[in-house]
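Trainee:
There are 2 protein chains.
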Amino acid sequence: MDRPYTGVIERLKNAGLRPTRQRLALAKLLFDGGDRHITAETLHAEVLAANVRVSLATVYNALHQFTRSGLLREVVVDSSRAYFDTNTSGHHHFFDEDTGDLSDIPDGEISVSSLPGAPAGKVLSGVEVVVRVRSQQ
Amino acid sequence: MDRPYTGVIERLKNAGLRPTRQRLALAKLLFDGGDRHITAETLHAEVLAANVRVSLATVYNALHQFTRSGLLREVVVDSSRAYFDTNTSGHHHFFDEDTGDLSDIPDGEISVSSLPGAPAGKVLSGVEVVVRVRSQQ
DNA sequence: ATATAAATTAGAATAACTCTAAACTAACTG
DNA sequence: CAGTTAGTTTAGAGTTATTCTAATTTATAT
Numbered sequence: 051m052d053r054p055y056t057g058v059i060e061r062l063k064n065a066g067l068r069p070t071r072q073r074l075a076l077a078k079l080l081f082d083g084g085d086r087h088i089t090a091e092t093l094h095a096e097v098l099a100a101n102v103r104v105s106l107a108t109v110y111n112a113l114h115q116f117t118r119s120g121l122l123r124e125v126v127v128d129s130s131r132a133y134f135d136t137n138t139s140g141h142h143h144f145f146d147e148d149t150g151d152l153s154d155i156p157d158g159e160i161s162v163s164s165l166p167g168a169p170a171g172k173v174l175s176g177v178e179v180v181v182r183v184r185s186q187q
Numbered sequence: 051m052d053r054p055y056t057g058v059i060e061r062l063k064n065a066g067l068r069p070t071r072q073r074l075a076l077a078k079l080l081f082d083g084g085d086r087h088i089t090a091e092t093l094h095a096e097v098l099a100a101n102v103r104v105s106l107a108t109v110y111n112a113l114h115q116f117t118r119s120g121l122l123r124e125v126v127v128d129s130s131r132a133y134f135d136t137n138t139s140g141h142h143h144f145f146d147e148d149t150g151d152l153s154d155i156p157d158g159e160i161s162v163s164s165l166p167g168a169p170a171g172k173v174l175s176g177v178e179v180v181v182r183v184r185s186q187q
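From first to last, the protein sequence lines are chains A and B. In terms of the numbering used here, the first sequence opens at residue 51 and continues consecutively. In terms of the numbering used here, the second sequence opens at residue 51 and continues consecutively.
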């Protein structure tokens with residue numbers, strides 16, 4: 051394509067974010083492929099591998115801004131590291147405790163029934179199912 | 051009771067752990083009451099408040115040992131802090147993102163149907179549902 | 001009582017972020 | 001376009017939760 055960034059530029063503008071060199075590179079890696087699960091470190095490594103100099107602080111900033119504006123979703127599966135998912139629609143995950151691999155549970159293979167109401171004075175903000183698996187034994 | 055530690059001593063011995071002064075104090079706080087949700091910091095504060103000098107490293111060690119031997123369960127709800135639950139039977143949680151409060155979803159108020167099989171070569175190790183709520187608006 | 005293996009500890013180290021203040025740049029204005 | 005400004009990036013310092021290390025202490029077996 052002649053203008054490989056147009057889609058991503060639009061996406062950032064719609065989110066109210068300036069399409070800077072850094073955000074463009076990150077957004078391209080994140081959104082120009084299928085659904086992805088990443089951490090700050092893996093995304094930083096990828097963007098450097100693509101020869102765009104971006105600081106780790108900017109990766110963190112971008113991940114949070116993208117999440118705030120709904121382009122990403124955070125998935126909490128590990129108490130020592132934050133994972134982000136480019137698929138922001140409601141779905142659930144397998145998490146391999148040995149490898150750290152996060153993957154989608156295909157739609158329809160799981161369902162949560164009879165959701166409880168939020169406790170008094172609270173507002174529901176999300177429901178996450180994590181199916182933990184292990185590689186060995 | 052005359053021997054307030056007998057129960058807890060047995061519990062530790064059954065888990066293959068020496069009933070040391072520190073582990074006894076921690077186990078008493080954890081198991082001599084109803085179900086509890088704690089973090090290393092909160093448990094450390096409690097044990098010091100009970101006037102037993104225990105280092106934070108020992109609290110971390112004990113939490114992991116207790117978890118390994120099935121006396122505790124880790125609940126992953128926050129990517130920056132580990133929570134532990136004294137109720138090790140299968141149940142799910144509310145997590146208040148504003149206050150950090152973790153609470154049980156009463157049994158029967160939620161259920162996960164049609165569990166997916168683990169991906170090839172993997173073994174299922176747990177299923178966790180976290181219902182996130184917020185305090186404000 | 002002793003020996004020994006296990007447990008505890010202070011303090012250093014690490015990992016994953018977050019913050020700060022200075023330098024840079026996108027985008028608006030005339 | 002040149003100037004202005006507000007938003008963005010960054011290096012490096014700071015923070016927080018947790019783990020590690022090596023020395024000391026303690027529980028238990030003998």
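Here a beta-carbon is modelled for each residue, glycine too, at the ideal position from N, C-alpha and C. From a predicted model like this one, the values you see are computed outputs, not experimental measurements.
1) Can you list, in chain order, the stretches of the beta strand (DSSP E) that have 3 or more residues and sit fully within the stretch 85-128 of chain A?
2) Could you tell me which of A:E147, A:S119, A:V181 sits nearest to H141 (chain A), measuring between CA atoms?
3) For S161 (chain B), decide whether its Cβ has a neighbour in chain A, counting only Cβ atoms nearer than 8 Å.
4) Could you confirm whether any beta carbon from chain B is found closer than 8 Å to the beta carbon of E178 (chain A)?
5) What does L165 (chain A) touch in chain B if you count any residue whose Cβ is under 9 Å from its own?
6) Are V109 (chain A) and L93 (chain A) close, meaning C-beta to C-beta below 8 Å?
7) Relative to chain B, which residues along the stretch 55-89 of chain A have a C-beta separation below 7 Å, given in chain order?
8) Could you tell me which residues DSSP pairs with E60 (chain B) in its beta bridges?
9) Can you tell me whether K63 (chain A) is buried or exposed, with buried defined as 16 or more other CB within 10 angstroms of its CB?
10) If the cut is a Cβ gap below 9 Å, which residues of chain A does L174 (chain B) touch?
11) Mind listing the chain B neighbours of F134 (chain A)? Cutoff is C-beta to C-beta under 9 Å, in chain order.
12) Thinking C-alpha only, which one of B:S105, B:D85, B:G158 is nearest Q72 (chain B)?
13) What's the gap between the Cα of T117 (chain A) and the Cα of D151 (chain A)?
14) Compare the C-beta of D128 (chain A) against all C-beta atoms of chain B and say whether one is closer than 8 Å.
15) How about G140 (chain A): is its C-beta nearer than 8 Å to some C-beta of chain B?
16) Using beta carbons (cut-off 8 Å, strictly below), is D154 (chain A) in contact with chain B?
17) With a threshold of 8 Å on Cβ separation, who are the neighbours of D128 (chain A) within its own chain once the five nearest residues in sequence on each side are excluded?
18) Hey, how far is the Cα of P156 (chain B) from the Cα of S161 (chain A)?
19) Got a sec? Which residues, its chain only, sit under 8 Å from A75 (chain A) by beta carbon, not counting five neighbours each side?
20) Does DSSP put L67 (chain A) in a helix, a strand or coil?
21) Could you name the residues that DSSP lists as bridge partners for L76 (chain A)?
22) Checking 8 Å against the spacing of the C-beta atoms, do S119 (chain A) and A65 (chain A) come in under that value?
23) Contact criterion: CB-CB distance below 8 Å. Does F116 (chain A) meet it with respect to chain B?
24) With a threshold of 16 other CB atoms inside 10 Å of the CB of A95 (chain A), please say whether the residue is buried or exposed.
Mentor: So, to answer that:
1) 123-125
2) If you number the first sequence from 1, residue 141 (chain A) lands on position 91. That would be A:V181, whose Cα lies nearest to the Cα of H141 (chain A).
3) Along the second sequence, one-based indexing puts residue 161 (chain B) at 111. At least one chain A Cβ lies under 8 Å of S161 (chain B).
4) Here the question's residue 178 (chain A) lines up with position 128 in the first sequence. True, the Cβ-Cβ gap to chain B drops below 8 Å.
5) By one-based count along the first sequence, residue 165 (chain A) stands at place 115. Going along chain B in sequence order, the residues near L165 (chain A) (Cβ under 9 Å) are E159, I160, V181.
6) Here residue 109 (chain A) refers to the residue found at position 59 when the first sequence is read from its first residue. Here residue 93 (chain A) refers to the residue found at position 43 when the first sequence is read from its first residue. A contact, by the Cβ cut-off of 8 Å.
7) Result list empty, no residue passes.
8) For the purposes of this step, residue 60 (chain B) is taken as the residue at position 10 of the second sequence. DSSP lists no partner for E60 (chain B).
9) Locating residue 63 (chain A) in the first sequence gives position 13, where the first residue counts as 1. Looking at its Cβ environment, which holds fewer than 16 other Cβ atoms inside 10 Å, K63 (chain A) is exposed.
10) The count along the second sequence starts at 1 and reaches residue 174 (chain B) at position 124. Chain A residues near L174 (chain B): V181, R182, V183, R184.
11) On the first sequence, residue 134 (chain A) is found 84 positions in, with the first residue counted as 1. Chain B residues near F134 (chain A): none, gap ~10 Å exceeds 9 Å.
12) Position 22 of the second sequence holds residue 72 (chain B). The shortest Cα separation from Q72 (chain B) among B:S105, B:D85, B:G158 belongs to B:S105.
13) In the first sequence, residue 117 (chain A) corresponds to position 67, counting from 1. In the first sequence, residue 151 (chain A) corresponds to position 101, counting from 1. Those two C-alpha atoms are separated by around 20 Å.
14) To locate residue 128 (chain A), count along the first sequence from 1; it is residue 78. Yes, because at least one Cβ of chain B sits closer than 8 Å to the Cβ of D128 (chain A).
15) Position 90 of the first sequence holds residue 140 (chain A). Not one chain B Cβ lies under 8 Å of G140 (chain A).
16) On the first sequence, position 104 is the one that residue 154 (chain A) refers to. Closer than 8 Å: no.
17) Locating residue 128 (chain A) in the first sequence gives position 78, where the first residue counts as 1. So the list reads F145, G150, once near-sequence residues are dropped.
18) Reading the second sequence from its first residue, position 106 is the one you call residue 156 (chain B). Reading the first sequence from its first residue, position 111 is the one you call residue 161 (chain A). Using only the alpha carbons, I get a separation of about 18 Å.
19) In the first sequence, the residue the question calls residue 75 (chain A) occupies position 25. Around A75 (chain A): V97, A100, V102, V104.
20) Taking the first sequence and counting its residues from 1, one reaches residue 67 (chain A) at position 17. Note: L67 (chain A) maps to coil in three-state DSSP.
21) Translated into positions along the first sequence, residue 76 (chain A) becomes position 26. In the DSSP output, where bridge partners are listed per residue, L76 (chain A) has none listed.
22) Mapped onto the first sequence, residue 119 (chain A) falls at position 69. Mapped onto the first sequence, residue 65 (chain A) falls at position 15. Going by C-beta atoms, S119 (chain A) is nearer than 8 Å to A65 (chain A).
23) By one-based count along the first sequence, residue 116 (chain A) stands at place 66. Chain B contact via Cβ: absent.
24) Counted from its first residue, the first sequence places residue 95 (chain A) at position 45. Answer is exposed; the Cβ neighbour count stays below 16.
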